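A.B. asks:
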Amino acid sequence: MNKNEVPSIFETFGDARKQGFIAVKNLKDQGKKVVGVFCTYSPVEIILAAGAVSVGICAFSDETIAEAEKVLPKNLCPLIKSSYGFAVTEKCPYMYFADLVVGETTCDGKKKMYELLSEIKNVHVMQLPQTQEDEVSKDLWYKEVLLLKDRIEKDFGITITDEDIKKAIRLKNEERKLLKEFYELSKSCPPPITGAEQLKVLYGSQFKFDIEQKNKELRDTIDKVKTDYANGIENVSNDAKRILITGCPLAGVTEKIVTAIEASGGVVVAYENCIGVKPADRLVDEEGDPYKALAERYLNIGCSVMTPNNKRMELITSLVKEFNVDGVVEMTLQACHTYNIETNTVRELLQKQDIPFITVETDYSTSDVAQLKTRMAAFIEMIS
Ligand code: BJ8
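Each residue of the sequence shown is one higher than the last, beginning at 13 in our numbering.
1) Taking 8 Å as the threshold, find out whether the stretch 336 to 348 comes into contact with the stretch 261 to 273 through three or more Cβ pairs.
2) Whether or not the stretch 121 to 137 and the stretch 88 to 104 are in contact is what I'm after, with contact meaning three or more pairs of Cβ atoms, one per stretch, closer than 8 Å; do they touch?
3) Using a strict less-than 6 Å threshold between each residue's beta carbon and the heavy atoms of ligand 1, what residues do you get?
4) Does the beta-carbon of A62 have 16 or more other beta-carbons within 10 angstroms, so that it is buried, or is it exposed?
5) In or out: T206 buried (at least 16 other Cβ within 10 Å) or exposed?
6) Is A252 helix, strand or coil by DSSP?
7) What is the rounded straight-line gap between the Cα of Y53 and the Cα of V340?
8) Taking the C-alpha atoms as reference points, what is the distance between E79 and G97?
9) From A305 to M107, what distance separates their C-alpha atoms?
10) Would DSSP call A272 helix, strand or coil?
11) Considering M138, what are the terminal residues of the beta strand (DSSP E) in which it resides?
12) What does the Cβ neighbour count give for A180, buried or exposed, with the cut at 16 atoms within 10 Å?
13) Do the stretch 100 to 116 and the stretch 43 to 58 make contact, defined as three or more Cβ pairs closer than 8 Å?
14) DSSP three-state label for M13, please.
15) What are the residues that DSSP puts in a beta bridge with M343?
16) Below 7 Å CB to CB, which residues in the same chain sit around L129 once its five sequence neighbours on both sides are set aside?
17) Can L214 and Y195 be called in contact, C-beta distance under 8 Å?
18) Spatial neighbours of W403 within its chain, please: C-beta separation below 6 Å, excluding the five flanking residues on both sides.
19) What alpha helix (DSSP H) runs, 4 residues minimum, are completely inside the stretch 127 to 194?
20) For the beta strand (DSSP E) containing L112, list its first residue and its last residue.
21) DSSP on A242, reduced to helix/strand/coil?
22) Comparing alpha-carbon positions, which option in S200, D232 and I164 lies nearest E187?
23) Would you identify the three-state DSSP class for A71, choosing helix, strand or coil?
24) Going by the DSSP bridge assignment, what does V46 pair with across the sheet?
25) From I367 to N185, what distance separates their C-alpha atoms?
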């Protein structure tokens, strides 16, 4: 086997988003319902239990931002503008085919955008509490989870049985265990795969709609990486500085940060973001009331829209230790107030742990690629 074989096994995930366009069209032709989701707080098990397909519809390209800015303010997070732009221009097949779009009251920009989106799409907004600790919030979220079930049953004219939801929970848990096993391969030193390869699988896995088949492919991918590593195939230098990425969701054009890190002698070993560890690190309890278990698991996601956001700090702390991290890079999107304000808390947290930290604020353009290269090179040099 030569070194080039390792990347080739990621192609099925790398092409998943594009191939998924056709897959979704075929599923629609077969009468399947499609539900677009915007956020890691969406309890997708309910969609799965309804026999429908869930697909992430956050957009990561600047292609439609100009169109979105005809309605939305310029000084708004690019993720919101881009996602809305793809909806109004009908350029995103996932959004186009979605029978229902589920959003949550996360940040102000997203929840106001949903009002506009609901003029052109069938939108259900879940009222997400702003805090995770108190009983009122837990109770509210439990009721919101039940309301989503009601909405899906009503819109799709179906009944979700206890058996349906329990099966969906088991399948999603299985997927989470596999994703976790996959990204935890990078705890090894050197990691068996680059951060770019890891991201390809984590992001691509969102666009594979047959969950049992996806789980099988994840199993095969893990086994292949393990075998190659055991056979001495190393893709990453032993000296590469081990980087944890945290912050706003990172994919598409913002992968420019991963490229800059890995071109400068670093390797991304873990992503704390929503395309990364956050959606996979905790399972849904398979005992007791399934909707209570879903509410409990999803409310405890550590996003900056929560106040306080202790869960994110706990996750960063444990990832830094578990992945033997040399430095942390935070990526925030322009005009994302919650993440941008929280930068200071993250900086202080890491200062106490003596872990080098840098934050970069960016958007969906490529105008800062050269600047990012310089900054990441200087950061890696500093921690070497
Ligand atoms: S759980 S990270 S997917 S809200 S849209 S908050 S970047 S200003 S995406 Fe998110 Fe759910 Fe949290 Fe994850 Fe900022 Fe932009 Fe808002 Fe954003």
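Idealized CB from N, CA, C, for every residue including glycine. On a predicted model such as this, the values are computed, not experimentally measured, just so you know.
C.D. replies: By the coordinates alone:
1) yes
2) yes
3) C51, T52, Y53, C89, L91, I92, T118, C119, G121, K122, C260, P261, C286, I313, C315, V317, L345, C348, T350 and Y351
4) Position 50 of the sequence shown holds residue 62. Looking at its Cβ environment, which holds 16 or more other Cβ atoms inside 10 Å, A62 is buried.
5) As a position in the sequence shown, residue 206 is number 194, starting the count at 1. Looking at its Cβ environment, which holds 16 or more other Cβ atoms inside 10 Å, T206 is buried.
6) The sequence position of residue 252 within the sequence shown is 240, counting from 1. DSSP places A252 in coil when its eight states are reduced to three.
7) Residue 53 sits at position 41 when you count from the first residue of the sequence shown. Residue 340 sits at position 328 when you count from the first residue of the sequence shown. Spanning the two alpha carbons is a distance of roughly 24 Å.
8) For this step, residue 79 is matched to residue 67 along the sequence shown. For this step, residue 97 is matched to residue 85 along the sequence shown. Distance between the alpha carbons of E79 and G97: 6 Å.
9) Position 293 of the sequence shown, counted from the start, is the residue given in the question as residue 305. Position 95 of the sequence shown, counted from the start, is the residue given in the question as residue 107. Roughly 29 Å between the two C-alpha positions.
10) For the purposes of this step, residue 272 is taken as residue 260 along the sequence shown, with counting starting at 1. Here A272 sits in helix by DSSP.
11) Along the sequence shown, one-based indexing puts residue 138 at 126. Counting along the chain, the beta strand (DSSP E) containing M138 begins and ends at V135 to M138.
12) For the purposes of this step, residue 180 is identified with residue 168 of the sequence shown, where counting begins at 1. The residue in question, A180, is buried, as its Cβ has 16 or more Cβ neighbours within 10 Å.
13) yes
14) Translated into positions along the sequence shown, residue 13 becomes position 1. In this prediction, M13 scores a pLDDT of 36, lower than 50, which makes its location untrustworthy; the coordinate-derived value is nonetheless stated afterwards. Here M13 sits in coil by DSSP.
15) Looking up residue 343 in the sequence shown gives position 331. DSSP lists G259 and V372 as partners of M343.
16) Within the sequence shown, numbered from 1, the residue matching residue 129 stands at position 117. Answer for L129: Y96, A99, V113 and V135, listed in chain order.
17) As a first step, residue 214 is located in the sequence shown; it is residue number 202 there, counting from the start. As a first step, residue 195 is located in the sequence shown; it is residue number 183 there, counting from the start. Yes; because the gap between Cβ atoms is below 8 Å, this pair is in contact.
18) Limits of the chain in this structure are 13 at one end and 396 at the other, which puts residue 403 out of reach.
19) 147 to 168
20) Counting from 1 along the sequence shown, the entry for residue 112 is found at position 100. L112 to E116 is the extent of the beta strand (DSSP E) around L112.
21) Walking along the sequence shown from the start, residue 242 turns up at place 230. A242: helix per DSSP, three-state reduction.
22) As a position in the sequence shown, residue 187 is number 175, starting the count at 1. Looking at the Cα atoms, D232 is the closest of the given residues.
23) Position 59 of the sequence shown, counting from 1, holds the residue named residue 71. Coil, per DSSP.
24) One-based indexing of the sequence shown puts residue 46 at position 34. Answer is V65, bridged to V46.
25) The residue labelled residue 367 in the question sits at position 355 within the sequence shown. The residue labelled residue 185 in the question sits at position 173 within the sequence shown. Spanning the two alpha carbons is a distance of roughly 32 Å.
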